[in-house]
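Below is one structure; the comments refer to it alone.
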Amino acid sequence: MKILVTGAAGYIGSVVTDQLIEQGHQVLALDNLKNGHRAAVHPAATFTQLELLDADALTAFLRANPVDAVVHLAAEALVDVSMRDPSLFYRVNVVGGLNLLDAMVAANVKRIVFSSTAAVYGEPVNLPITEESRQMPVNPYGESKRAFERILERFQMAHGINFVALRYFNACGATERCGEFHVPETHIIPILFEVVLGQRKRFNLFGTDYDTSDGTCIRDYIHVWDIANAHVLALAQLDRLQARVFNMGNGAGYSNQQVIETVQRVTGKEIPYIHAPRRPGDPARLVASSERIRRELGWTPRYPELATMVETAWKWRQKHPKGYTG
Numbered sequence: 065m066k067i068l069v070t071g072a073a074g075y076i077g078s079v080v081t082d083q084l085i086e087q088g089h090q091v092l093a094l095d096n097l098k099n100g101h102r103a104a105v106h107p108a109a110t111f112t113q114l115e116l117l118d119a120d121a122l123t124a125f126l127r128a129n130p131v132d133a134v135v136h137l138a139a140e141a142l143v144d145v146s147m148r149d150p151s152l153f154y155r156v157n158v159v160g161g162l163n164l165l166d167a168m169v170a171a172n173v174k175r176i177v178f179s180s181t182a183a184v185y186g187e188p189v190n191l192p193i194t195e196e197s198r199q200m201p202v203n204p205y206g207e208s209k210r211a212f213e214r215i216l217e218r219f220q221m222a223h224g225i226n227f228v229a230l231r232y233f234n235a236c237g238a239t240e241r242c243g244e245f246h247v248p249e250t251h252i253i254p255i256l257f258e259v260v261l262g263q264r265k266r267f268n269l270f271g272t273d274y275d276t277s278d279g280t281c282i283r284d285y286i287h288v289w290d291i292a293n294a295h296v297l298a299l300a301q302l303d304r305l306q307a308r309v310f311n312m313g314n315g316a317g318y319s320n321q322q323v324i325e326t327v328q329r330v331t332g333k334e335i336p337y338i339h340a341p342r343r344p345g346d347p348a349r350l351v352a353s354s355e356r357i358r359r360e361l362g363w364t365p366r367y368p369e370l371a372t373m374v375e376t377a378w379k380w381r382q383k384h385p386k387g388y389t390g
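Just add 64 to wherever you are in the sequence shown, counting from 1, and you've got our numbering.
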């Protein structure tokens, strides 16, 4: 198939693009390069720098480049930033997504796989979180993703656009070619690597007074290859699925303290860190069930253990200490 991947220069989008090309698909890679890296895009993909908020340009692009389906990963995704600047998240994640759907209607594209988030659930009542769990997002990031899922439902009814939405939490790990690198860095594992590499003095452990076994937040971690693989599996089976939503999770979760200890074991380095106040919008526990996606899509994680995820990420970061910048 000919596939449009939005956010193709991003951490997950680049691995999705790689897997699609490995399976013989033709990929049109779209990214505004605000947070993504041109070097992360597979050389066999056709890259275009384009902003989803430019509705006219997006519609013209899709009309000139007809595709069989869209994999939509382009988004603003930092929870703490969403608390400070909610407008940015509603513009990019909702208005930008709506522009994409309008362009799809104009170009008669009827298939989309959406990279959503388990943040749509907010503070869970029961764990692990299932697809039927109550949805009460506690931050604008989760709210913006939930809003777009509702828009997808309406476009499915009005225009026959079939969709699958994938909800997951923390992506981590790396492939041989692609790894995680942001400027500035905000995710726990690459930040810990920066401390190990001497690129920052210490790690700030946000929140040590949560109602968890060690007082720190508990989160799900999924390897980036496994997340990308779920997108590819959903795309391959999209025609038999109707407006379906799937969680991805490891079913148990790891605390921030456990992540620190795992990175120390993998790197062989002691990591200096200090206790810091909680960040607004951070629930205590977020752990998702992946029973439905395993049953219906045949998704099985290749890298289920946190230590293995960290090992792949550390291997990539050692080869690229300055990420994609040098």
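Each residue gets a CB set at the ideal place from its N, CA and C atoms; glycine is no exception.
Original post:
Since Gly186 sits in a beta bridge, which residues does DSSP pair it with?
Top reply: The partner list for Gly186 (beta bridge, DSSP) reads Met200.
Subject >> Straight-line Cα distance separating Tyr232 from Ala352 >> reply: A straight-line Cα-Cα distance of about 7 Å links Ala352 and Tyr232.
Subject >> Where the beta strand (DSSP E) containing Lys66 begins and where it ends >> reply: It spans Lys66 to Thr70 - the beta strand (DSSP E) in which Lys66 sits, taken as one unbroken run.
Original post:
What is the DSSP secondary structure of Arg358, counted as helix, strand or coil?
Top reply: In the displayed model, Arg358 falls within a helix according to three-state DSSP.
Original post:
Using 8 Å as the threshold, is the stretch 189-199 in touch with the stretch 305-318, meaning 3 or more CB pairs across them?
Top reply: Because the criterion of three Cβ pairs below 8 Å is met, the stretch 189-199 and the stretch 305-318 touch.
**OP:** Count the other C-beta atoms from every protein chain shown that fall within 10 angstroms of the C-beta of Gln396, then say buried if there are 16 or more, exposed otherwise.
**Re:** Look at the range of the chain in this structure, 65 to 390, and you will see that residue 396 is not part of it.
Original post:
From this set, Val135, His384 and Leu68, which residue's C-alpha is nearest Thr239's C-alpha?
Top reply: Among Val135, His384 and Leu68, the Cα nearest to that of Thr239 belongs to His384.
Subject >> Pairwise C-alpha distance: Asp149 and Arg252 >> reply: Checking the sequence, you will find Ile at residue 252 rather than Arg. Roughly 21 Å separates the two Cα atoms.
Subject >> Where Asn35 falls, given that 16 or more other Cβ within 10 Å makes a residue buried >> reply: Examination of residue 35 is not possible in this model, given that the chain is present from 65 through 390 alone.
Subject >> Asn293 CB to nearest heavy atom of the ligand MG below 7 Å >> reply: As presented, the structure is devoid of all ligands, the ligand MG included, so that no description of it is given.
Original post:
Are the stretch 168-182 and the stretch 98-117 in contact at 8 Å, needing three or more beta carbon pairs?
Top reply: Contact fails: fewer than three Cβ-Cβ distances are below 8 Å.
**OP:** Measure from the alpha carbon of Ile338 to the alpha carbon of each residue in Pro107, Gln199 and Thr280, then state which is nearest.
**Re:** Of the candidates Pro107, Gln199 and Thr280, the one whose C-alpha sits nearest the C-alpha of Ile338 is Thr280.
Original post:
DSSP three-state call for Tyr367: helix, strand or coil?
Top reply: Correct three-state label for Tyr367: coil.
**OP:** Note down, in chain order, each residue of its chain lying with its Cβ closer than 8 Å to the Cβ of Leu269, except the 5 sequence neighbours on either side.
**Re:** Cβ within range, chain order: Thr280, Asn320, Gln321, Ile324, Tyr337, Ile338, His339 and Ala340.
Original post:
Taking contact to mean at least 3 C-beta pairs separated by less than 8 Å, is the stretch 172-185 in contact with the stretch 291-305?
Top reply: The stretch 172-185 makes contact with the stretch 291-305, as at least three CB pairs between them are under 8 Å.
**OP:** Taking the CB atoms as reference points, tell me whether Leu137 and Thr70 lie closer together than 8 Å.
**Re:** With contacts defined as CB atoms closer than 8 Å, Leu137 and Thr70 qualify as a contacting pair.
Original post:
Nearest-angstrom Cα distance between His287 and Arg155?
Top reply: In a straight line, the C-alpha of His287 is about 29 Å away from that of Arg155.
Original post:
What's the C-alpha gap between Leu165 and Phe219?
Top reply: Leu165 and Phe219: Cα-Cα distance of roughly 8 Å.
**OP:** Can you give me the Cβ contacts of Arg356 inside the same chain, cut-off strictly under 8 Å, excluding the 5 residues immediately before and after it?
**Re:** Excluding sequence neighbours, Arg356 sits near Thr194, Glu195, Phe310 and Asn311.
**OP:** Look at the alpha carbon of Pro368 and the alpha carbon of Asp120, and state the distance between them as a whole number of angstroms.
**Re:** Roughly 42 Å separates the two Cα atoms.
Subject >> Residues near Ala371 in its chain [Cβ-Cβ closer than 8 Å; skip 5 each side] >> reply: Hits under 8 Å: Thr326, Arg329 and Val330.
Original post:
Is it buried or exposed for Asp95, if we count other Cβ within 10 angstroms and need 16 for buried?
Top reply: Buried, because 16 or more other Cβ atoms sit within 10 Å of the Cβ of Asp95.
Original post:
Under 8 Å between the Cβ atoms of Asp132 and Ile67?
Top reply: Contact: yes.
Original post:
With DSSP run on the structure shown, which of helix, strand or coil describes Phe178?
Top reply: In the structure shown, Phe178 sits in a strand (DSSP, three-state: E or B).
Subject >> Nearest to Phe257 (by Cα), restricted to the options Met221, His223, Lys333 and Arg241 >> reply: Closest by alpha carbon: Lys333.
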